[in-house]
């Protein structure tokens with residue numbers, strides 16, 4: 002009898018060792034940027050979409066704001082030469098092909114992490130050198146700032162947008178870029194963090210944040226393209242995650258290089274625009290920010306005009 006118990010105990014011990022080794026190998030083999038939003042998103046898709054459906058409608062209001070992107074040809078040339086941007090895509094590439102190539106470049110080279118030390122220089126070159134010399138990864142906001150400056154240097158009209166949840170006790174938000182596609186006369190969302198993503202309709206046309214929110218509410222199907230169609234991920238997690246973070250949006254009214262590099266003083270940081278559904282009380286909004294329910298104005302591409310830096 003003792004011998005039988007001993008054999009059973011040894012079998013369970015071997016099974017335990019195999020399970021631990023399998024777990025370790027899986028963790029080591031898994032890419033560092035693999036999407037893992039955790040248990041907080043599992044099973045919450047319906048609840049979060051329901052919150053979007055029950056949100057107030059957008060409506061015109063008296064808010065007065067504009068959206069301006071400032072180009073600086075000297076800085077654009079510095080960034081293009083530093084990153085050798087012209088080698089990332091064919092010379093005849095259209096806007097979306099260029100944007101995806103830039104998104105891939107950032108996502109493949111810089112994983113996601115909540116950095117313990119804030120970078121000294123929050124601009125494209127400074128962030129790249131931070132990843133090379135200080136810490137190899139950083140969060141979605143810094144990803145989006147780096148990607149935005151690369152897009153702008155490639156002469157692509159873009160803006161990075163903070164995507165906010167409904168719950169003021171939820172400290173998590175997400176930051177992505179929107180690029181203007183003149184060939185399609187529309188905005189398109191591009192996410193260079195956590196392996197890289199974009200979302201399209203069922204015909205493959207990339208969707209904007211506005212269109213993603215509308216698809217959630219209407220129930221239209223979407224396709225999520227992880228690693229820009231070069232990998233697979235927890236699609237349901239990402240859909241639930243973005244359903245949470247498309248309740249309201251925030252964006253600088255004026256965007257340029259060095260936008261959040263506060264060591265640079267000659268940058269317009271007086272305007273910040275928050276788009277909310279009617280009846281919603283936004284949180285973590287500083288004084289002097291514009292709050293609007295006018296989605297048409299917020300997403301109106303004609304307001305985003307290029308100005309040359311003097």
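Residue numbers (the numbering used here): 2 to 311.
We put the CB at the ideal spot given by N, CA and C, even for glycine.
Model, not experiment: these values are computed from the prediction.
Compute the Euclidean distance between the alpha carbons of residue i and residue j, then round it to the nearest angstrom.
| i | j | result |
| --- | --- | --- |
| residue 89 | residue 63 | 43 Å |
| residue 268 | residue 282 | 29 Å |
| residue 146 | residue 109 | 16 Å |
| residue 192 | residue 176 | 8 Å |
| residue 170 | residue 164 | 15 Å |
| residue 84 | residue 77 | 11 Å |
| residue 228 | residue 133 | 22 Å |
| residue 96 | residue 179 | 12 Å |
| residue 87 | residue 94 | 10 Å |
| residue 220 | residue 265 | 45 Å |
| residue 292 | residue 59 | 12 Å |
| residue 144 | residue 107 | 7 Å |
| residue 47 | residue 61 | 29 Å |
| residue 55 | residue 138 | 37 Å |
| residue 208 | residue 112 | 24 Å |
| residue 39 | residue 243 | Below a pLDDT of 50, predicted positions are generally treated as unreliable, and residue 39, at 44, falls in that range; no measurement from the model is reported. |
Starting from the C-beta of residue i, find all residues in its chain whose C-beta is less than 8 Å away, skip the five residues before and the five after it, and write them out in chain order.
| i | result |
| --- | --- |
| residue 127 | 120, 121 and 262 |
| residue 160 | 68, 70, 149, 178, 179, 252, 253, 256 and 305 |
| residue 98 | 90 and 91 |
| residue 224 | 200, 201, 202, 203 and 205 |
For residue i, list the residues DSSP reports as bridge partners.
| i | result |
| --- | --- |
| residue 226 | 199 |
| residue 292 | 275 |
| residue 251 | 163 and 275 |
| residue 256 | 70 |
| residue 177 | 162 |
| residue 188 | 181 |
Measure how close the beta-carbons of residue i and residue j come, nearest whole angstrom, since I'm counting them as under 8 Å.
| i | j | result |
| --- | --- | --- |
| residue 188 | residue 300 | 7 Å |
| residue 162 | residue 210 | 6 Å |
| residue 216 | residue 198 | The Cβ separation is near 15 Å, so there is no contact. |
Which of the three DSSP states is assigned to residue i in this structure?
| i | result |
| --- | --- |
| residue 138 | coil |
| residue 110 | helix |
| residue 119 | coil |
| residue 73 | coil |
| residue 194 | coil |
| residue 301 | coil |
| residue 50 | helix |
| residue 101 | helix |
| residue 82 | helix |
| residue 208 | coil |
| residue 150 | helix |
| residue 155 | coil |
| residue 245 | helix |
Could you name the residues of the same chain whose beta carbon sits closer than 6 Å to that of residue i, not counting the 5 residues immediately before and after it, in chain order?
| i | result |
| --- | --- |
| residue 45 | 241 |
| residue 115 | 140 |
| residue 142 | 176 |
| residue 136 | 116 |
Spatial neighbours of residue i within its chain, please: C-beta separation below 7 Å, excluding the five flanking residues on both sides.
| i | result |
| --- | --- |
| residue 103 | 89, 148, 151, 152 and 155 |
Say the cut is 8 Å; is the CB of residue i nearer than that to a heavy atom of the ligand ZN?
| i | result |
| --- | --- |
| residue 73 | The ligand ZN is absent from the structure shown, which contains no ligand whatsoever. |
Using a Cβ-Cβ cut-off of 9 Å, state whether residue i counts as contacting chain D.
| i | result |
| --- | --- |
| residue 301 | Looking for chain D here will not work: only one protein chain is present. |
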